[in-house]
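Asker:
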Amino acid sequence: MQNLKFGGAEKILITFLNRFDREKYTVNLILHTKEGELINEVPPDVSIKGIVPVDNGKLINKIKRSIFFKLSKYFPIILKICLNVYLGSADINIAYMEGITTKIVSFLKGPKVAWVHTDLENNSWTDVFFKNLDDQKNTYEKFKKIVFVSEGGKTAFNNKFKNTAQDRQVVIHNPIDNVQIEKKAKIVDNDFNKWAKKTENTVRLISVGRTDPVKRYGLLIKAVTKMIDRNESVTLTIIGDGQDTHKLIDLATGYNCFYFVGFKENPLPYVKKSDIFISTSSVESYPTAIAESLVLGTPVLATENAGSNEIINSRKCLLKHDISFVELSNSISNALENKTELTEIAFETGKNFDINKTLIEYDLVFKEASQSNE
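The opening residue of the sequence shown carries number 0 in numbering that gives the first Met the number 0; numbering runs sequentially from there.
1) Three or more C-beta pairs under 8 Å: does that hold for the segment 321-336 against the segment 247-264?
2) Can the beta-carbon of Arg203 be found closer than 9 Å to that of Lys272?
3) Under the three-state reduction of DSSP, which class applies to Val187: helix, strand or coil?
4) Given a threshold of 16 other Cβ atoms within 10 Å of its Cβ, counted over all protein chains shown, does Gln165 qualify as buried or as exposed?
5) What residue range does the beta strand (DSSP E) around His245 cover?
6) Pick helix, strand or coil for Leu295, following the three-state DSSP scheme.
7) DSSP state of Gly49, grouped into three classes?
8) Please name the residue, chosen from Ser307, Phe147, Ile62, that lies closest to Ala113 on a Cα-to-Cα basis.
9) Report the residue ranges of all beta strand (DSSP E) runs contained in full by the segment 262-318; include only those spanning at least 3 residues, in chain order.
10) Do Asp118 and Gly306 have their CB atoms nearer than 9 Å?
11) Quick one: residues in its chain with C-beta nearer than 6 Å to the C-beta of Ser292, no 5 flanking neighbours on either side, listed in chain order?
12) Does the segment 278-287 come close enough to the segment 333-345 to have 3 or more Cβ pairs within less than 8 Å?
13) Provide the residue span of the beta strand (DSSP E) that contains Lys144, from first to last.
14) Hey, Phe129 and Arg167: beta-carbon distance below 9 Å or not?
15) Under three-state DSSP, which class holds Phe346?
16) Starting from the Cα of Met96, find the closest Cα among Lys214, Ile29, Asn265 and give me that residue.
17) How would you call Trp124, buried or exposed, if buried means at least 16 neighbouring beta carbons within 10 angstroms?
18) Could you check what DSSP says for Gln1 in three-state terms: helix, strand or coil?
19) Among Thr201, Asn122, Ala89, whose alpha-carbon lies nearest the alpha-carbon of Gly98?
20) Is DSSP giving Asn158 helix, strand or coil here?
21) Buried or exposed: Tyr24, going by 16 or more other Cβ atoms within 10 Å of its Cβ?
22) For Leu107, which residues from the same chain have a beta carbon less than 7 Å from its beta carbon, with the 5 sequence-adjacent residues on both sides left out?
23) Can you name, in chain order, every residue of its own chain whose Cβ lies under 6 Å from the Cβ of Glu360, other than the five neighbours on each side?
24) Let me check one thing: in DSSP terms, what residues is Leu204 bridge-paired to?
25) Going by C-alpha to C-alpha distance, which of Gly35, Leu218, Arg229 sits closest to Leu250?
26) So what's Phe106 in DSSP terms, helix, strand or just coil?
27) If you count every other CB in all the chains shown that lies within 10 Å of the CB of Gly56, and 16 or more means buried, which is it?
28) Who pairs with Val115 in a beta bridge, going by DSSP?
29) In the DSSP assignment, find the unbroken beta strand (DSSP E) run with Leu219 in it and report its ends.
30) Contact defined as beta carbons within less than 8 Å: I believe Arg21 pairs with Pro174. What is the distance between those atoms, to the nearest angstrom?
31) Counting along the chain, where does the beta strand (DSSP E) carrying Leu28 start and finish?
32) Thinking C-alpha only, which one of His116, Phe68, Leu70 is nearest Ala8?
33) In the DSSP assignment, what are the bridge partners of Ala94?
34) Consult DSSP for Val170 and reduce its assignment to one of helix, strand or coil.
35) Identify the residues that DSSP records as bridge partners of Phe74: which are they?
36) Excluding the 5 residues flanking Leu387 on each side, which residues of the same chain have their C-beta closer than 6 Å to its C-beta?
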């Protein structure tokens, strides 16, 4: 994994680490950079090792990180030797996320499995770690199995990397632990109580995710300001940090209905207490935050993309991808008028998640990968 900063794929990894069969597996977690808010949630029987130092501004760390990236791109043979000596051998090597994680694992000896958690056709953030498209394609050819968390993610991959390991591809939805989600939603702290007090007597809208451009939070903020201008009593809470946080705060200046909570190790009490969860993401593969909201019975409105379309069963909860902020504001208002029906849809959809079935599918992939010749 690249790191354990707050994110959907990272949270899903924590779910797996807490639920894998201890009688079958011993897991060593290798992070490109040993950092992130979720490190504290890694079970004590899982060892953690970092490869490169944290980018904390120190010159020596910058040099080491720069050397690593240059080796990975231009001198892979040297890096391959170093990584295999440093990390040792394993029965199965798993790249649980695309990008630098996949690059690192491709250098290791032994059977390899790659996970793809995004739509690589429309979200090409991984390209920077490879010399070119062929380099990235050839990297995936080294894996015995490529696991996609949605059919949409698989389709996007094949559109981008035509004829790449097609006989080794499988779709496994993320493990969603309903019991733990419901349990964590009941754990509240003083920050939550203060927020609940400030937002009482308002319609609570919420979104959870990194404040990055792909989430299109600016669109959501403009829609909510439009609702305020129509004298609707709503508040919007955004939970998560990212590169756009300060821009979004500036955009919301002049209105007292916005709450930028930042990172929360446990955002679920906020989601459960809210009236509607809204996702305006342009790209998703299998959105964990939406799944959690559905389990808790909080209605969801989401713009169309590969992942949201796959996880949400009702067209009443999906919005067109290129929606304007005026159209979005109207859609939210309409959803609030039909909240009872949308709540029922959320509860029914949330019942469909089966973590035990997913873990069995994981086991099968590991078994097939370990039995194949390198």
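Glycine included, each C-beta is placed from N, C-alpha and C at the ideal position.
This structure is a prediction, so every number in the text was calculated from the model and none was measured.
Answerer: Once the coordinates are examined:
1) no
2) yes
3) coil
4) exposed
5) No beta strand (DSSP E) holds His245; the alpha helix (DSSP H) holding it covers 244-250.
6) coil
7) strand
8) Phe147
9) 275-278, 299-302
10) yes
11) Val270, Phe276, Val299
12) no
13) 144-147
14) no
15) helix
16) Ile29
17) exposed
18) coil
19) Asn122
20) helix
21) exposed
22) Leu82, Asn83, Leu86, Asn92
23) Ile171
24) Leu235, Ile275
25) Leu218
26) coil
27) exposed
28) Phe147
29) Here Leu219 belongs to no beta strand (DSSP E); instead the alpha helix (DSSP H) covers 216-228.
30) The Cβ separation is near 16 Å, so there is no contact.
31) 27-32
32) His116
33) Ala113
34) strand
35) Answer is none; Phe74 lacks a bridge partner.
36) For the chain, the structure presents residues 0 to 373; residue 387 sits outside this window and is missing.
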